[in-house]
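A.B. asks:
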Amino acid sequence: MNLVVTDLVQRFPVRADRGRPAGTATVLDRLSFKTGEIGALVLVGPSGGGKSTLLRILAGLDLPTAGTVSFDGEALPRDEEALRRYRRTVGTVFQAYNLFPHLTAMDNLLLPLVHVHGLSDRDARERVREPLERFRLAEHAHKRPAELSGGQKQRIAILRALVVRPRRLFFDEPTSALDPEMRAEVLEMIGEVRAEGAQFVLVTHEMAFARRVADEIAFIADGTVLAAGSAKEFFEQPTEPRVRSFLQLTMAT
Amino acid sequence: MSRWLAHLIVATLFAGGIALAFSRVDYEWNWAAVWDYRQRFFQGWLVTVAISLAALVTSTLVGSLAAVMLRSGNALLEAAARIYVEVIRGTPLLVQLLIGFYVVATAVGLGNRYVAGVLLLSLFSGAYMAEIFRGGLDAIPKAQLDSARAIGLTGRQSLWLVVLPQAVRLVLPAVAGQLVSLVKDSSLLSVIAISEFTLAAQEVNSFTYSTLESYLPLAVGYLLLTLPLSALARWLEHHFRYETA
Numbered sequence: 002m003n004l005v006v007t008d009l010v011q012r013f014p015v016r017a018d019r020g021r022p023a024g025t026a027t028v029l030d031r032l033s034f035k036t037g038e039i040g041a042l043v044l045v046g047p048s049g050g051g052k053s054t055l056l057r058i059l060a061g062l063d064l065p066t067a068g069t070v071s072f073d074g075e076a077l078p079r080d081e082e083a084l085r086r087y088r089r090t091v092g093t094v095f096q097a098y099n100l101f102p103h104l105t106a107m108d109n110l111l112l113p114l115v116h117v118h119g120l121s122d123r124d125a126r127e128r129v130r131e132p133l134e135r136f137r138l139a140e141h142a143h144k145r146p147a148e149l150s151g152g153q154k155q156r157i158a159i160l161r162a163l164v165v166r167p168r169r170l171f172f173d174e175p176t177s178a179l180d181p182e183m184r185a186e187v188l189e190m191i192g193e194v195r196a197e198g199a200q201f202v203l204v205t206h207e208m209a210f211a212r213r214v215a216d217e218i219a220f221i222a223d224g225t226v227l228a229a230g231s232a233k234e235f236f237e238q239p240t241e242p243r244v245r246s247f248l249q250l251t252m253a254t
Numbered sequence: 289m290s291r292w293l294a295h296l297i298v299a300t301l302f303a304g305g306i307a308l309a310f311s312r313v314d315y316e317w318n319w320a321a322v323w324d325y326r327q328r329f330f331q332g333w334l335v336t337v338a339i340s341l342a343a344l345v346t347s348t349l350v351g352s353l354a355a356v357m358l359r360s361g362n363a364l365l366e367a368a369a370r371i372y373v374e375v376i377r378g379t380p381l382l383v384q385l386l387i388g389f390y391v392v393a394t395a396v397g398l399g400n401r402y403v404a405g406v407l408l409l410s411l412f413s414g415a416y417m418a419e420i421f422r423g424g425l426d427a428i429p430k431a432q433l434d435s436a437r438a439i440g441l442t443g444r445q446s447l448w449l450v451v452l453p454q455a456v457r458l459v460l461p462a463v464a465g466q467l468v469s470l471v472k473d474s475s476l477l478s479v480i481a482i483s484e485f486t487l488a489a490q491e492v493n494s495f496t497y498s499t500l501e502s503y504l505p506l507a508v509g510y511l512l513l514t515l516p517l518s519a520l521a522r523w524l525e526h527h528f529r530y531e532t533a
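If you're matching them up, the sequences are chains A and B in order. Just so we're aligned: 136 in my numbering is position 135 of the first sequence, and the numbers increase by one with no gaps anywhere. Just so we're aligned: 521 in my numbering is position 233 of the second sequence, and the numbers increase by one with no gaps anywhere.
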């Protein structure tokens, strides 16, 4: 994929609270960057810097206040109906609560295939059978989300995004809500997905993992991109002082 | 101890206590006079069943509509629904029935007191239903809507496939409680001369001067309706149950 982001602005209305007047918060402030032809882009940076806000726009979930985004030369649409069609062609996995708690893991997988992509129940089951085996989730297919571990839930969520055969995936801190031992299994699955050739944009705080899977990295803080480019340069020769101190703090293990 | 045995013990103690209370009252029982009017009781009970069933359906519709209005985002619709809910919940049903039937229904030419009664009862119960439904919809986490949008569901699909199945389970106990209240509240329809169960008991009492013999069957008759409703609600609740994750 090839991503070009130009002058992206995202503002949210803020309610008056404890003496602070109502107004707007600028979360993305004329954010611009472009990538080469890459498979995996990882967005890193301090919390509250705008990574997730950017990812939601890229995934077609939110409309920006201003600015443009284009993937492979195709600009993201600006009306909800066209955005919904766009969302059908990509997959998104959030930090938590991806799965619908009233449905089994299997029915969670089938729901988008049947109701969004028009497969028959039989074809949909056929479609998910092999991936369930491959990612060692078949034995959990009949369980409701409450019976699954956090790691299993996230893996089912990734699988649900994957089985619709999306053009690319978006991961919004997919391991942040997990215990350390479950992080590993989810990261491993994302690594496998990458190895199979899937393209994705990932927001994460797992710097070691970012280094392993990223082709390019964008460091986002205060609503703008402070550094963007190849992962190798980003980790080995960081020039931006804030990136350097961020890396020292997060990689100091 | 089994749950059945526990229920049996408590019910026996309760019945014993009531029996003791009655035995200390100096009262001449006269069941024979009331027995002559058993047809009147039965007809009234059937009317109560019919009115309750009709109001049960209509009040669910009214409540759903008001709940949708409360969450519509349209200031006018929200204000209309909010005022409706607060006025209905803040005033006695008795007043609503009297004004609703003798003033409003008369003004709009609605002469059929059964239809008017069902509508007024539904408006009353619908206000409570609206708040229950609104609470159920609000309780669905926003993340669920994000997930529904992310997989490409339309707004309507996410309502039917994601929100409602979860909300129904959440509101079921409260709705069941409201329906039980609805059945009992229908007794007030006697004030607009609908010959339902309570009016039947009042009439029999005035014919026979046997107050307790007229009203005790009334209690039993309402329990015959409300207990199965509660049991059905518990079964449904169990049937729809899953742990939230």
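Backbone N, C-alpha and C define an ideal beta-carbon position, used for all residues, glycine too.
Assign Ile103 of chain A to buried or exposed, taking buried as 16 or more other Cβ atoms, counted over all protein chains shown, within 10 Å of its Cβ.
C.D. replies: Here residue 103 of chain A is His; the residue named in the question, Ile, does not match the sequence. Flag for His103 of chain A reads buried.
A.B. asks: Which residues does DSSP pair with Val406 of chain B in a beta bridge?
C.D. replies: Looking at the DSSP assignment, Val406 of chain B forms no beta bridge with any residue, so it has no partner.
A.B. asks: Run through the segment 14-81 of chain A for me and flag every whole beta strand (DSSP E) of 3 or more residues, listed as ranges in chain order.
C.D. replies: Counting only runs of at least 3 residues, the segment 14-81 of chain A fully encloses the following beta strand (DSSP E) elements, listed from N- to C-terminal order: 24-35, 41-45, 67-72.
A.B. asks: Does the separation of the CB atoms of Thr54 of chain A and Val10 of chain A fall below 8 Å?
C.D. replies: no
A.B. asks: Drop a sphere of 10 angstroms on the beta-carbon of Phe13 of chain A, count the other beta-carbons inside from all chains shown, and report buried for 16 or more, exposed for fewer.
C.D. replies: exposed
A.B. asks: Between which residues of its own chain and Ser478 of chain B is the CB-CB distance below 6 Å, once the five residues before and five after are set aside?
C.D. replies: Answer for Ser478 of chain B: Thr486, Leu487, listed in chain order.
A.B. asks: Chain B partners of Leu32 of chain A, CB-CB under 8 Å?
C.D. replies: Within chain B, no residue comes near Leu32 of chain A; the closest Cβ sits about 22 Å away, beyond 8 Å.
A.B. asks: With 9 Å as the C-beta to C-beta threshold (strictly closer), list the residues of the segment 99-127 of chain A near chain B in chain order.
C.D. replies: Answer set for the segment 99-127 of chain A: Asn99, Leu100, Phe101, Pro102, His103, Leu104, Leu112, Pro113, His116, Val117, His118.
A.B. asks: For Arg85 of chain A, which of A:Gln153, A:Arg212, A:Phe220, A:Ile58 has the nearest alpha-carbon?
C.D. replies: A:Ile58
A.B. asks: Just how far apart, CA to CA, sit Ala533 of chain B and Ala147 of chain A?
C.D. replies: The pLDDT assigned to Ala533 of chain B is 41, lower than 50, so where the model puts this residue is not dependable; a value taken from the coordinates is nonetheless given after this. Their backbone Cα atoms lie some 5 Å apart in a straight line.
A.B. asks: With a 10 Å radius around its C-beta and 16 neighbouring C-beta atoms as the bar for buried, classify Arg79 of chain A as buried or exposed.
C.D. replies: exposed
A.B. asks: Leaving out five residues before and five after Arg243 of chain A in sequence, what residues of the same chain have Cβ atoms less than 7 Å from its Cβ?
C.D. replies: Ala222, Leu227
A.B. asks: Quick check on Ala533 of chain B - is its C-beta less than 8 Å from some C-beta in chain A?
C.D. replies: Annotation note: pLDDT 41 at Ala533 of chain B (below 50); position unreliable, coordinate value reported separately. Answer yes: the Cβ-Cβ gap between Ala533 of chain B and chain A drops below 8 Å somewhere.
A.B. asks: Does the pairing of the segment 108-124 of chain A with the segment 169-186 of chain A give three or more beta-carbon distances under 8 Å?
C.D. replies: no
A.B. asks: Below 7 Å on C-beta distance, what does Thr93 of chain A contact in chain B?
C.D. replies: Ala438
A.B. asks: Using a Cβ cut-off of 9 Å, which residues of the segment 145-176 of chain A contact any Cβ in chain B, in chain order?
C.D. replies: Arg145, Pro146, Ala147, Glu148, Leu149, Lys154, Ala158, Arg161, Ala162, Val165, Phe171
A.B. asks: Would you mind sorting Val534 of chain B into buried or exposed? The rule is 16 or more other CB atoms within 10 Å of its CB.
C.D. replies: Examination of residue 534 of chain B is not possible in this model, given that chain B is present from 289 through 533 alone.
A.B. asks: If the cut is a Cβ gap below 9 Å, which residues of chain A does Pro453 of chain B touch?
C.D. replies: Phe101, His103, Leu104
A.B. asks: What is the DSSP secondary structure of Arg261 of chain B, reduced to helix, strand or coil?
C.D. replies: Given a span of 289 to 533 for chain B in the structure shown, any question on residue 261 of chain B remains unanswerable.
A.B. asks: Where do the ends of the alpha helix (DSSP H) carrying Phe172 of chain A lie?
C.D. replies: No alpha helix (DSSP H) holds Phe172 of chain A; the beta strand (DSSP E) holding it covers 169-173.
A.B. asks: Below 9 Å on C-beta distance, what does Arg89 of chain A contact in chain B?
C.D. replies: Going along chain B in sequence order, the residues near Arg89 of chain A (Cβ under 9 Å) are Ile439, Gly440.
A.B. asks: Note down, in chain order, every chain B residue with its Cβ under 7 Å from the Cβ of Ala83 of chain A.
C.D. replies: What Ala83 of chain A touches in chain B: nothing, since even the nearest Cβ is about 12 Å away.
A.B. asks: Does DSSP put Ala533 of chain B in a helix, a strand or coil?
C.D. replies: Low confidence applies here, because Ala533 of chain B scores a pLDDT of 41, under 50, leaving its location unreliable; read the following figure in that light. In the structure shown, Ala533 of chain B sits in coil (DSSP, three-state: anything other than H, G, I, E or B).
A.B. asks: Indicate whether the contact test is met: 3 or more Cβ pairs, each with one atom in the segment 504-512 of chain B and one in the segment 348-362 of chain B, closer than 8 Å.
C.D. replies: no
A.B. asks: Less than 8 Å between CB atoms is the rule here; does Val450 of chain B satisfy it with respect to chain A?
C.D. replies: yes
A.B. asks: Thinking just about the alpha-carbon of each residue, which of A:Ile218, A:Val214, A:Lys144, A:Met208 is nearest to the one in Gln249 of chain A?
C.D. replies: A:Met208
A.B. asks: Mapping DSSP to helix, strand and coil, what is Ile218 of chain A?
C.D. replies: strand
A.B. asks: So what does DSSP say about Gln96 of chain A, is it helix, strand or coil?
C.D. replies: coil
A.B. asks: Could you name the residues of the segment 52-76 of chain A whose beta carbon sits closer than 8 Å to any beta carbon of chain B, in the order they occur along the chain?
C.D. replies: Listed by position, the residues of the segment 52-76 of chain A near chain B (Cβ gap below 8 Å) are Ala60, Leu62.
A.B. asks: Assign Ala60 of chain A to buried or exposed, taking buried as 16 or more other Cβ atoms, counted over all protein chains shown, within 10 Å of its Cβ.
C.D. replies: buried
A.B. asks: Which bits of chain A does Pro429 of chain B rub up against, with CB to CB less than 9 Å?
C.D. replies: Tyr98
A.B. asks: Checking 8 Å against the spacing of the C-beta atoms, do Gly224 of chain A and Val6 of chain A come in under that value?
C.D. replies: no
A.B. asks: Below 8 Å on the Cβ atoms is my guess for Ser498 of chain B versus Ala321 of chain B; work out the distance and round it to an integer in Å.
C.D. replies: 5 Å
A.B. asks: Do Leu344 of chain B and Leu467 of chain B have their beta-carbon atoms positioned less than 8 Å apart in this structure?
C.D. replies: yes
A.B. asks: Assess contact between the segment 373-387 of chain B and the segment 410-425 of chain B, defined as three or more Cβ pairs (one per stretch) separated by less than 8 Å. Is contact present?
C.D. replies: yes
A.B. asks: Could you check what DSSP says for Ala229 of chain A in three-state terms: helix, strand or coil?
C.D. replies: In the structure shown, Ala229 of chain A sits in a strand (DSSP, three-state: E or B).
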